[in-house]
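Chains as they are written, first to last, in this note's numbering: chain A, 1 to 373; chain B, 1001 to 1378.
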Ligand SMILES: Cc1cc2nc3c(=O)[nH]c(=O)nc-3n(C[C@H](O)[C@H](O)[C@H](O)COP(=O)(O)OP(=O)(O)OC[C@H]3O[C@@H](n4cnc5c(N)ncnc54)[C@H](O)[C@@H]3O)c2cc1C
């Protein structure tokens, strides 16, 4: 038992970091701020590097790794502030043709009872999977049947491909049969496959300059997909938590780098205890979130995932705020990258799991009286 | 990344669980938590049972993973807390195991394990708390003895202790960190006066200890003369890194009990309170994961916990206080003000967690300077 990544896992993470540093460094990041259209070439490169197909079986052209490895790679994407529907691309790699290689860009939008109905990068997606309904485990929102551990040191093949059963009328280009969400037909969770121009959208100017957003106001329930929606939501929340973790870890580094360089009153500001203590609290949030996220990736169960998302959200949002504080006036400018981390962290905070629902689910679990260790 | 246990470890868990199921119902009634002499007898008795069953040395002899299993299982089963044995089992003992000579290990460790000796920690002085290296208690060499004069304070369990891990200044001329030595002092030596201090949580828990020409053999020194600061860092790394680990499981049990109490008394209908409890659930779960992380890191570093212990200690001490504040909310006004409630006593004693074993401010300094490499300064 050792929660820390193995040498192989660290090597995988390092190579993801190198790839992103090469292909999505500071200049590319700032260019994306000015024109946030998805970089299709980069998307294909990510595909070629196995980013999306990481958990597909090798027989299907995938890398054959598990959820823990996916979390490590997503942590790097979070550090680099890589934009795009990364979670959708990864989770639907075995489902939507072309998603695994990055040839086609697929979006994923939760229009369920409490879903924010927000769609990332609407103009860049070739297609969209919508999920709705609260599913069997409404209290946990993203919960549901706890799948057996995925890739938790077992030899079992990764199950991503098993997310989907054959589509009932995939590929049909029949016109939409219904418009508008209205009342879901029943409470069970569903997934629908839509062409990117089928849903009706309300414009929304995204707070995150790197992530264009639209609000889905109505959509056709076309081409139902037999996706395991609870599992999809759970894994989406976990991968989103991993992105938050990466961002939180990056903002500590940014704060520490700045505190070591900037001088006031004739000393480096990092020598001031008030600044030191801000930085120390940032590191603590990262460590606690990291332990929770990594452990949740091993168990794959819904409650640990919910808890991990809560703590990773806190780490990303509060670290970005503290990082901004450590930067002083520069921190409030558009030129510093700090605001980009904060805005993205706010966005992810709203994705896949709301804080209130999550805390309610964690509270409910206490009544069961189990202290799982 | 791996959370699985080996078959041997699982077997160890099962055997321990079976043993606990038999041993716990046979225990005598628990003493009044404020009656330390009674607690001494009770806690030592429990340690003796563990020892006789072969579980006595788990605090420092076993693999880190076995230790975790031991802590999980004893806490889950509701076994007695280490209590009076805290210092001996959780930081003096491990320090002697790591830094002592073979002779010293043979002399002091078995009585700790057999539940025969209680240890206390004589580090802090009235003017040397956070700034521990400012300590002034003097030890002057006289033949084979040190002759010690000075004062210690906030010494937990001093009244009932047999031995004290004592920090003394052996070289007053040397720079502050260089002239310190770590000694094992028998508490019945002539010249020792223990004066209990009343705490905000009840009568005595700790005491002032006055030392007036107390003679301690030089053979009782652990580590080289004047090298006590380094030995002290080992002691503190155990105190911060591992000593509170078992309590996390206990806190999770407490939290579950709190939720059920709220359900019964109607406070559960308050969504703000519910969410607070839910968040604490995530917090204590993650603290347990952090422990598992630190155990791996300590194993890789040869057994001594590193500065990562400060990360754990700081977050845990805050979470524990939040837990008991939430308990007060669950009890409602009258309950929260009732000094006879068990929760109230626990809430009061939780106030010490951000102070004892190094304050939160000191832990943040350690994290900033040792883990983040920020410049030293004010
Ligand atoms: C319940 C309990 C049990 C204890 N048991 C023992 C024991 O068995 N043996 C033993 O030796 N000691 C024991 N202690 C003492 C404990 O280790 C000290 O109280 C602790 O280290 C703090 O020192 P102090 O009390 O002198 O506080 P001070 O050092 O005077 O601190 C007062 C305040 O100033 C802050 N402060 C001090 N220095 C700095 C700094 N450099 N930067 C920022 N803030 C600073 C502190 O954080 C604190 O908020 C115990 C304490 C408690 C509460």
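Virtual Cβ for every residue (Gly too), placed ideally from N, Cα, C.
Remember, predicted model here, so these are calculated numbers, not experimental data.
Between the C-alpha atoms of residue i and residue j, what's the straight-line distance to the nearest angstrom?
i                       : j                       : result
residue 31 of chain A   : residue 341 of chain A  : 16 Å
residue 992 of chain B  : residue 1197 of chain B : This structure gives no information on residue 992 of chain B, because the portion of chain B shown stretches from 1001 to 1378.
residue 82 of chain A   : residue 283 of chain A  : 22 Å
residue 1080 of chain B : residue 1252 of chain B : 16 Å
residue 211 of chain A  : residue 368 of chain A  : 40 Å
residue 430 of chain A  : residue 232 of chain A  : This structure gives no information on residue 430 of chain A, because the portion of chain A shown stretches from 1 to 373.
residue 177 of chain A  : residue 235 of chain A  : Residue confidence is low: residue 177 of chain A scores 42 on pLDDT, short of 50, so the model does not pin down where it sits. Its coordinate-derived value is still stated next. Near 30 Å, if we compare the C-alpha coordinates of residue 235 of chain A and residue 177 of chain A.
residue 1311 of chain B : residue 321 of chain A  : 20 Å
residue 1217 of chain B : residue 1223 of chain B : 14 Å
residue 1373 of chain B : residue 279 of chain A  : 11 Å
residue 1315 of chain B : residue 1241 of chain B : 12 Å
residue 1120 of chain B : residue 1162 of chain B : 8 Å
residue 1168 of chain B : residue 1239 of chain B : 19 Å
residue 333 of chain A  : residue 339 of chain A  : 8 Å
residue 206 of chain A  : residue 1055 of chain B : 59 Å
residue 1185 of chain B : residue 1113 of chain B : 18 Å
residue 1068 of chain B : residue 8 of chain A    : 26 Å
residue 318 of chain A  : residue 1102 of chain B : 50 Å
residue 1302 of chain B : residue 1118 of chain B : 27 Å
With a Cβ-Cβ cutoff of 8 Å, do residue i and residue j count as a contact?
i                       : j                       : result
residue 1159 of chain B : residue 1194 of chain B : yes
residue 306 of chain A  : residue 353 of chain A  : yes
residue 1228 of chain B : residue 1181 of chain B : yes
residue 1066 of chain B : residue 1011 of chain B : no
residue 54 of chain A   : residue 63 of chain A   : yes
residue 101 of chain A  : residue 44 of chain A   : yes
residue 246 of chain A  : residue 79 of chain A   : yes
residue 327 of chain A  : residue 258 of chain A  : yes
residue 69 of chain A   : residue 3 of chain A    : no
residue 95 of chain A   : residue 127 of chain A  : no
residue 131 of chain A  : residue 190 of chain A  : yes
residue 1083 of chain B : residue 1035 of chain B : no
residue 1231 of chain B : residue 1125 of chain B : no
residue 348 of chain A  : residue 308 of chain A  : no
residue 1354 of chain B : residue 1317 of chain B : yes
residue 1234 of chain B : residue 1304 of chain B : yes
residue 74 of chain A   : residue 242 of chain A  : yes
residue 213 of chain A  : residue 346 of chain A  : no
Below 8 Å on the Cβ atoms is my contact criterion, and I expect residue i with residue j to pass it. Report the Cβ-Cβ distance as a whole number of Å.
i                       : j                       : result
residue 1212 of chain B : residue 1191 of chain B : 4 Å
residue 1004 of chain B : residue 292 of chain A  : Incorrect: roughly 18 Å between the Cβ atoms, too far for contact.
residue 285 of chain A  : residue 314 of chain A  : 6 Å
residue 363 of chain A  : residue 1221 of chain B : The pair is not a contact, with the Cβ atoms about 53 Å apart (cut-off 8 Å).
residue 1282 of chain B : residue 311 of chain A  : 6 Å
residue 216 of chain A  : residue 201 of chain A  : 6 Å
residue 1001 of chain B : residue 5 of chain A    : 5 Å
residue 1258 of chain B : residue 1351 of chain B : The Cβ separation is near 18 Å, so there is no contact.
residue 1236 of chain B : residue 1358 of chain B : 7 Å
residue 1330 of chain B : residue 1261 of chain B : 6 Å
residue 260 of chain A  : residue 268 of chain A  : 6 Å
residue 87 of chain A   : residue 209 of chain A  : Not quite, the Cβ-Cβ distance comes to about 19 Å (not below 8 Å), so this is no contact.
In three-state DSSP terms, what is residue i?
i                       : result
residue 262 of chain A  : coil
residue 1372 of chain B : coil
residue 1151 of chain B : strand
residue 1273 of chain B : helix
residue 1182 of chain B : strand
residue 132 of chain A  : strand
residue 304 of chain A  : helix
residue 1118 of chain B : coil
residue 1164 of chain B : strand
residue 1282 of chain B : helix
residue 109 of chain A  : strand
residue 1061 of chain B : coil
residue 1002 of chain B : strand
residue 53 of chain A   : coil
residue 90 of chain A   : helix
residue 27 of chain A   : helix
residue 341 of chain A  : helix
residue 138 of chain A  : Note on residue 138 of chain A: pLDDT 34, under 50, position unreliable in the model; the coordinate value appears next. If DSSP states are grouped into helix, strand and coil, residue 138 of chain A belongs with the helices.
How would you list, in chain order, the residues of chain C whose beta-carbon sits under 9 Å from the beta-carbon of residue i?
i                      : result
residue 283 of chain A : No chain C appears in this structure, whose protein chains are A and B.
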